[in-house]
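A.B. asks:
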Amino acid sequence: MPPVTSDAQGKRTPPRGITRGKPGPPRQSQAREGGAQTGQGRPPGAWHPATMCELYSKQDTLALRGKHIGSEANDLALRLAQQFTGHQDVITLDHAYHGHLSSLIEISPYKFLKGKDVKKEFVHVAPTPDTYRGKYREDHEDPARAYADEVKKIIEDAQSSGRMIAAFIAESMQSCGGQIIPPAGYFQKVAEYIHGAGGVFIADEVQVGFGRVGKHFWSFQMHGEDFAPDIVTMGKSMGNGHPVACVVTTKEIAEAFSSSGMEYFNTYAGNPVSCAVGLAVLDVIENEDLQENATRVGNFLTELLKKQKAKHTLIGDIRGIGLFIGIDLVKDHQKRTPATAEAQHIIYKMKEKRVLLSADGPHRNVLKIKPPMCFTEEDAKFMVHQLDGILTVLEEATGTKTESVTSENTPCETKMLKEAHVELLRDSTTNSKENPSRKRNGMYTDTHSLLSKRLKT
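Encoded structure:
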């Protein structure tokens with residue numbers, strides 16, 4: 074279901090958890106049928122036919138391992154890389170998040186920078202290839218090469234200290250870091266440097282795979298036919314809410330892991346219920362043409378949001394592809410100062426309008442738009458209409474200008490305007506203290522609006 078729903082009378086109903094698509098009933102019968110199978114493993118012939126044909130055609134080069142959750146998949150990916158290369162060190166991107174296991178928190182600055190932990194010696198953090206507010210921006214002559222050379226420098230510094238790189242890991246499009254789309258050519262150059270150092274490239278597709286970008290089934294395919302990761306992890310969308318994940322790698326890497334004598338075993342890996350759910354998801358994506366829908370509705374939504382950017386000064390950047398979109402909110406366009414409190418206020422007010430959003434990025438000022446793939450143009454229009462109204466009232470409250478003149482507010486909007494002004498002033502004083510660990514690591518304060526705290530209670 075989309076982030077907003079309607080009852081029989083057309084009235085918008087309270088938001089609910091997104092667990093399955095709107096167009097059809099849940100594929101429970103297929104899951105039950107899978108549960109009736111004996112044994113833990115699913116017979117290969119019961120997989121999606123098109124998937125099996127593709128797998129058989131690649132059986133000499135690919136190896137698969139079934140998992141329960143995306144964190145397990147990324148954990149195994151690290152083990153595969155370290156066993157294959159004989160090295161330990163990992164290069165990750167700033168603000169990255171790859172899972173909740175201890176091994177993954179260690180390589181996720183999004184997590185360890187927020188707590189009291191410090192970066193481990195074997196972990197190296199490269200700048201996120203963000204061309205809007207990163208080190209090298211859109212006016213740089215070659216931001217892809219510049220960001221890739223930062224990885225090269227990390228490799229050289231590590232080697233000079235006697236350390237060796239096992240892997241570079243990154244989401245094909247960074248989610249928690251603020252919906253970041255790497256510049257064209259970045260991954261190819263990084264892969265060249267990593268392979269030259271004897272390491273492997275891990276693409277984390279847990280949040281961004283399975284057709285979300287529309288044009289391609291896998292997000293890493295956006296980076297061109299001349300780029301292919303050594304290891305790919307997937308989950309989340311793979312089961313549409315059901316816990317199932319997978320690791321795909323080359324035959325050589327898989328054999329190196331097996332030959333070590335360290336057997337990998339998971340009681341639930343490859344169980345028939347999860348395989349049946351995965352099969353149903355593939356069927357729905359194909360039969361309901363959800364990948365094409367992601368392209369069409371994503372383009373439509375992006376155009377609507379670009380019109381809002383021209384109208385509202387709070388919107389600094391609209392970026393994304395398919396149904397993976399970020400709205401970077403700023404207090405001023407020249408300095409690109411993050412509008413953190415404003416973002417949290419918008420999230421709360423959008424919830425009142427029955428639209429669920431969240432914010433992320435190092436300053437938590439980027440509104441994340443990652444709806445289910447059955448999201449429609451009608452849903453997109455409703456969401457943008459609500460966002461437009463909230464931005465208009467908020468900008469009037471804070472004294473910023475919009476394209477149009479100040480509107481005549483309804484009593485409800487007038488009350489909301491006063492609330493916005495009071496709450497934003499209160500936020501600016503409440504969130505003045507810096508988190509010592511984030512200050513130590515050169516990060517901005519991870520502030521939260523008072524309004525956002527209500528969402529957690």
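Numbering (the working numbering), first residue to last: 74 to 530. Backbone N, C-alpha and C define an ideal beta-carbon position, used for all residues, glycine too.
Given R210, which residues of its chain have a CB within under 6 Å of its CB, disregarding the five upstream and five downstream residues?
C.D. replies: Cβ within range, chain order: T204.
A.B. asks: Is G233 buried or exposed, if buried means 16 or more other CB atoms sit within 10 Å of its CB?
C.D. replies: Looking at the sequence provided, one finds Ser at residue 233 rather than Gly. That one is exposed.
A.B. asks: Could you tell me the alpha carbon to alpha carbon distance between Q294 and F283, rounded to whole angstroms?
C.D. replies: Cα-Cα distance, rounded: 11 Å.
A.B. asks: Among residues of its own chain, excluding the 5 on either side of H406, which ones have a beta-carbon nearer than 8 Å to its beta-carbon?
C.D. replies: If we look at H406 and ignore the five residues flanking it on each side, its Cβ neighbours are T386 and G389.
A.B. asks: Is the distance from the Cβ of Y441 to the Cβ of S431 below 9 Å?
C.D. replies: Note that residue 441 is Lys in the sequence shown, not Tyr. Their beta carbons are under 9 Å apart, which means K441 touches S431 by this criterion.
A.B. asks: What residues in its chain sit with their C-beta under 8 Å from that of E325, if we drop five residues either side in the sequence?
C.D. replies: For E325, where only same-chain residues beyond five positions count, the Cβ hits under 8 Å are F157.
A.B. asks: Exposed or buried, which one is D433 when buried takes at least 16 other CB atoms within 10 Å?
C.D. replies: Buried.
A.B. asks: Tell me, please, which residues DSSP counts as bridged to D401.
C.D. replies: Partner(s): D390 and V439.
A.B. asks: State the start and end residues of the unbroken alpha helix (DSSP H) segment that holds D230.
C.D. replies: Residues P216 to S233.
A.B. asks: Could you tell me the distance, in whole angstroms, from the CA atom of E451 to the CA atom of Q459?
C.D. replies: Their Cα atoms are separated by approximately 13 Å.
A.B. asks: Within the continuous alpha helix (DSSP H) that includes F330, where are the two ends?
C.D. replies: Residues K324 to S331.
A.B. asks: What does the Cβ neighbour count give for K262, buried or exposed, with the cut at 16 atoms within 10 Å?
C.D. replies: Label assigned to K262: buried.
A.B. asks: Could you say which of K288, E265 and K424 lies nearest to N372 if we only look at CA atoms?
C.D. replies: Closest by alpha carbon: K288.
A.B. asks: Let me know if M269 comes out buried or exposed under the rule of 16 or more other beta-carbons within 10 Å of its beta-carbon.
C.D. replies: Note on identity: in this sequence residue 269 is Gly, with Met being the wrong assignment. Exposed: under 16 other Cβ atoms inside 10 Å.
A.B. asks: What are the uninterrupted segments assigned as beta strand (DSSP E) that are 3 or more residues long and contained completely in the stretch 142-195, given in chain order?
C.D. replies: For the stretch 142-195, whole beta strand (DSSP E) runs of length 3 or above, ordered along the chain, are 162-166.
A.B. asks: Only counting the same chain, and skipping five residues up and downstream in sequence, which positions put a Cβ closer than 7 Å to that of L174?
C.D. replies: Cβ within range, chain order: S144 and D148.
A.B. asks: Would the beta-carbon of V317 fall within 9 Å of that of S347?
C.D. replies: Contact flag set, yes.
A.B. asks: Return the Cβ separation of V281 and E244 in integer angstroms, given the expectation that the two are a contact with Cβ distance under 8 Å.
C.D. replies: Their Cβ separation, rounded to whole angstroms, is 6 Å, which keeps V281 and E244 in contact under 8 Å.
A.B. asks: Curious, which full-length beta strand (DSSP E) runs of at least 3 residues does the stretch 401-432 contain?
C.D. replies: Here no run is fully enclosed.
A.B. asks: Classify T502: buried if its beta carbon has 16 or more other beta carbons within 10 angstroms, exposed otherwise.
C.D. replies: Bear in mind that a pLDDT of 48 at T502, under 50, signals an unreliable position, so the number given afterwards is only what the model happens to contain. Exposed, by the Cβ-count rule.
A.B. asks: I need the boundaries of the alpha helix (DSSP H) containing Q264, first residue and last residue.
C.D. replies: Looking at the sequence shown, residue 264 is not Gln but Ala. Element bounds for A264: Y259 to G269.
A.B. asks: Along the chain, where does the beta strand (DSSP E) that runs through A276 open and close?
C.D. replies: From DSSP, the beta strand (DSSP E) with A276 extends over V273 to D277.
A.B. asks: Where DSSP assigns a beta bridge to E244, which residues make up the other side?
C.D. replies: Partner(s): D277.
A.B. asks: Could you compute how far the alpha carbon of A329 sits from the alpha carbon of L153?
C.D. replies: Using only the alpha carbons, I get a separation of about 8 Å.
A.B. asks: Let me know if S332 comes out buried or exposed under the rule of 16 or more other beta-carbons within 10 Å of its beta-carbon.
C.D. replies: So S332 counts as exposed.
A.B. asks: Short check: CB of L151 to CB of A199, under 9 Å?
C.D. replies: No. Outside cutoff.
A.B. asks: Using the beta-carbon count (16 or more within 10 Å), is N344 buried or exposed?
C.D. replies: By the neighbour-count rule (16 or more Cβ atoms within 10 Å), N344 is buried.
A.B. asks: Classify H197 as helix, strand or coil using the three-state DSSP reduction.
C.D. replies: Strand at H197.
A.B. asks: I267 and F241 - do their beta-carbons sit closer together than 9 Å?
C.D. replies: Yes; because the gap between Cβ atoms is below 9 Å, this pair is in contact.
A.B. asks: Can you tell me whether H289 is helix, strand or coil according to DSSP?
C.D. replies: In this structure, H289 counts as coil in the three-state DSSP scheme.
A.B. asks: Could you tell me the distance, in whole angstroms, from the CA atom of K404 to the CA atom of P411?
C.D. replies: Distance between the alpha carbons of K404 and P411 is about 6 Å.
A.B. asks: Going by DSSP, name the residue or residues bridged to I253.
C.D. replies: Q247, per the DSSP bridge assignment.
A.B. asks: Between C319 and P182, what straight-line distance do the alpha-carbon atoms span, to the nearest angstrom?
C.D. replies: Roughly 23 Å separates the two Cα atoms.
A.B. asks: Could you have a look at A453 and say whether DSSP puts it in helix, strand or coil?
C.D. replies: Correct three-state label for A453: helix.
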